[in-house]
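J.:
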Amino acid sequence: MSRLKSFATALLVATCLQSLAHAQLLVGQTVGVTGSAAATVKESMRGAQLYIDAVNARGGVNGQKVQILTLDDKFDPKLTLANAHTLIEEKGVLALFMTRGTPHTVGIIPLLDEFGVPLVGPSTGAMVLHQPLKKNIFNVRAPYQREVKKAIAYLSTLGVQRIGVVHVDDTFGADALAGALEGFDENKLKALFVEKFDRAKPDFSALAPRVAKQNPQAVLIFGTGSAVVDGIKALRAAGVTAQIITLSNNASGGFVKALGDQSRGVVVSQVFPSERAVTYPLVREATGLAQEAKITLTPAMVEGFTNAKVLVEGLRRAGPNPTRARLHEALESFKKFDLGGLTLSYSPDDHSGLDFTDLSIIGPDGYFRR
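Heads up, the final residue of the sequence shown is numbered 370 in UniProt numbering, and it's a clean run with no missing numbers.
(1) Quick one: which unbroken beta strand (DSSP E) runs of 3-plus residues sit fully inside the region 143-185? Chain order, please.
(2) Give every residue of the same chain whose Cβ lies closer than 8 Å to the Cβ of I152, excluding the five residues on either side of it in the sequence, and list them in chain order.
(3) Which runs of the beta strand (DSSP E) spanning at least 3 residues fall entirely within the region 36-116, listed in chain order?
(4) Taking only three categories from DSSP, how would you classify S360?
(5) Okay, do the region 247-256 and the region 36-50 touch, 3+ Cβ pairs below 8 Å being the bar?
(6) By the three-class DSSP mapping on this structure, what secondary structure does A286 have?
(7) Under 8 Å Cβ to Cβ from residue 393, same chain only, skipping five residues before and after it: list those, please.
(8) Write down the C-beta distance between A95 and V61 rounded to the nearest angstrom, noting that I regard them as a contact closer than 8 Å.
(9) Here's a check: name, in chain order, each residue in its chain whose Cβ is nearer than 7 Å to the Cβ of V55, leaving out the five neighbours to either side.
(10) Have a look at the DSSP bridge pairing and note the partners of F368.
(11) Just to check my reading of the structure: S81 and G107 have Cβ atoms closer than 8 Å, yes? What is that Cβ distance to the nearest angstrom?
(12) Can you grab the Cα-Cα spacing for the pair T171 / M127, in whole Å?
(13) Provide the residue(s) that pair with V267 in DSSP beta bridges, ordered along the chain.
(14) Could you tell me which of Q145, S347, E195 sits nearest to D355, measuring between CA atoms?
(15) How is V140 classed by DSSP in three states: helix, strand or coil?
(16) Roughly how far, in whole angstroms, is the beta-carbon of V271 from the beta-carbon of S248, given that I think they are within contact range, below 8 Å?
(17) If we call anything under 8 Å between Cβ atoms a contact, is K74 one with T105?
(18) I'd like to check one pair, G231 with F204: are the Cβ atoms closer than 8 Å?
(19) Taking all protein chains shown into account, do 16 or more other C-beta atoms lie within 10 angstroms of the C-beta of residue 389, making it buried, or fewer, making it exposed?
(20) Taking 7 Å as the limit between beta carbons, can you name the residues of its chain near G314, skipping five residues before and five after?
(21) Let me know the secondary structure DSSP gives V278 once reduced to three states.
(22) Going by CA-CA distance only, name the one from Y346, A84, V228 that's closest to residue 396.
(23) State the DSSP-derived secondary structure class of S347, mapped to helix, strand or coil.
(24) State the beta-bridge partners of Q29 as determined by DSSP.
(25) Could you check how far apart the C-beta atoms of F305 and G59 are, in whole angstroms? I think they sit under 8 Å.
(26) Going by DSSP in three states, V229 sits in which element: helix, strand or coil?
(27) What does DSSP give as the partner residue(s) for K196 in the beta ladder?
(28) Residues in its own chain within less than 8 Å of V160 by CB, not counting five upstream and five downstream?
(29) Do you know how far the Cα of N136 is from the Cα of R324?
(30) May I ask you to list the residues that DSSP assigns as paired with L220?
(31) Reducing DSSP to helix, strand and coil, say where L133 ends up.
(32) Distance, Cα to Cα, M301 vs G32?
(33) Taking DSSP as the reference, what is the three-state secondary structure of D338?
(34) Express the C-alpha separation of L50 and A290 in angstroms, rounding to a whole number.
(35) Where DSSP assigns a beta bridge to Q24, which residues make up the other side?
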């Protein structure tokens, strides 16, 4: 009888150990794996996976592996909402991670609030996600408006005054435009023109010639991925020789590759240190893992890598039996958390994340130069 009991006990222990070995911290992501933002999305996801794979290889978080369950929303806000329902209600994810797109992210806020699900590291710098405080959104990157103001201030110091704006006609474009208008006011300038294009069906055939007639010295273009690529090519084809500036949502190798010969000299704002700034321990760590994986680090990968570090630390602090509420509490416990040369803090009154902003220019070799 004692032998049978011992066997049963051993079997139970073995079963528990096997269960722990396969235990997972399930995190959901709805993002445009296909669609106009796909190139940058894939790079940021690769950066996040670099860190998560390294954590899992070391045994995971509190003995559990981190799994990111990604659903493709094709960069369509309606699919984003549908996917979020699936991830939260059917899959029971602990959190959502690194959504992309302003209207996409804003559209799921009521769902996050209903179920108390934290969203970590949305890949959008819309001010509406920062102010007023959104209880379940934990931003990592700086706001777009800060990027825009930095770009305008830089142009102003160079004596550039004839600056126009071209923006996508959605909440992202409106947010970036608001930052631009504030930036113009702060530097005692006025926009030379403001043009907008449709998000679903961008068409620059009439817009580009209108811009060319204004003879701008610089053009700020706010949009995503392939639409901005098409817009820049159309502007150049129409004879626009102005300095082109776009935002950090286009800071990817895929964006540069899509621009081809038109990429040289385009200024792209950045919200993380350079992918070659190995003086930052964060970048040095990401570089080492990228080299092991035999891939080239890009700005978008640095963003994904950083977001993953925040997510993993939150999961670690949430303890061995994390819940959505415990993860939320754990994230709000961050006080000057060192990401590797950058510090991040949250509180019940502030989920803004980092304030780092910089400008880069695409060189003839296709690399972003600071």
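Positions of the beta carbon are idealized from the N, C-alpha and C atoms, including for glycine.
T.: In terms of the structure at hand:
(1) Counting only runs of 3 or more, we get 163-168.
(2) Cβ contact annotation for I152 (same chain, cutoff 8 Å, sequence separation greater than five): I163, A180, G183, F184, E186, N187, L189, L220, in chain order.
(3) List check, beta strand (DSSP E) in window: 65-72, 95-97.
(4) Of the three classes helix, strand and coil, the one that applies to S360 here is strand, per DSSP.
(5) Contact holds: three or more Cβ-Cβ distances are below 8 Å.
(6) Of the three classes helix, strand and coil, the one that applies to A286 here is helix, per DSSP.
(7) No information on residue 393 is available, as it lies outside the stretch 1 to 370 that the chain covers here.
(8) Between A95 and V61, the beta carbon gap of about 12 Å keeps them out of contact (Cβ cut-off 8 Å).
(9) Correct list, in chain order: V61, V66, V312.
(10) Bridge partners of F368: I362.
(11) At residue 81 the sequence reads Leu, which differs from the Ser that was named. 5 Å between Cβ atoms; contact.
(12) Take the alpha-carbon of T171 and the one of M127: they are about 10 Å apart.
(13) DSSP lists I245, I361 as partners of V267.
(14) Among Q145, S347, E195, the Cα nearest to that of D355 is on Q145.
(15) In the structure shown, the three-state DSSP call for V140 is coil.
(16) Confirmed, about 5 Å.
(17) Not a contact, by the Cβ cut-off of 8 Å.
(18) Yes. Within cutoff.
(19) In the structure displayed, the chain extends from 1 to 370; residue 389 sits before or after that span and is not available.
(20) Closer than 7 Å at Cβ, skipping near neighbours: V120, L327, A330, L331.
(21) Three-state result, V278: coil.
(22) Given a span of 1 to 370 for the chain in the structure shown, any question on residue 396 remains unanswerable.
(23) Three-state DSSP puts S347 in a strand.
(24) T70.
(25) About 20 Å; that fails the 8 Å criterion.
(26) Three-state result, V229: helix.
(27) K196 is bridged to H167.
(28) For V160, where only same-chain residues beyond five positions count, the Cβ hits under 8 Å are Q217, A218, Q243.
(29) Taking the straight line from one Cα to the other gives about 10 Å.
(30) In the DSSP output, where bridge partners are listed per residue, L220 has V165, I245.
(31) Three-state result, L133: coil.
(32) C-alpha separation (whole angstroms): 16 Å.
(33) Looking at D338 - three-state DSSP - the assignment turns out to be strand.
(34) In a straight line, the C-alpha of A290 is about 7 Å away from that of L50.
(35) K65, per the DSSP bridge assignment.
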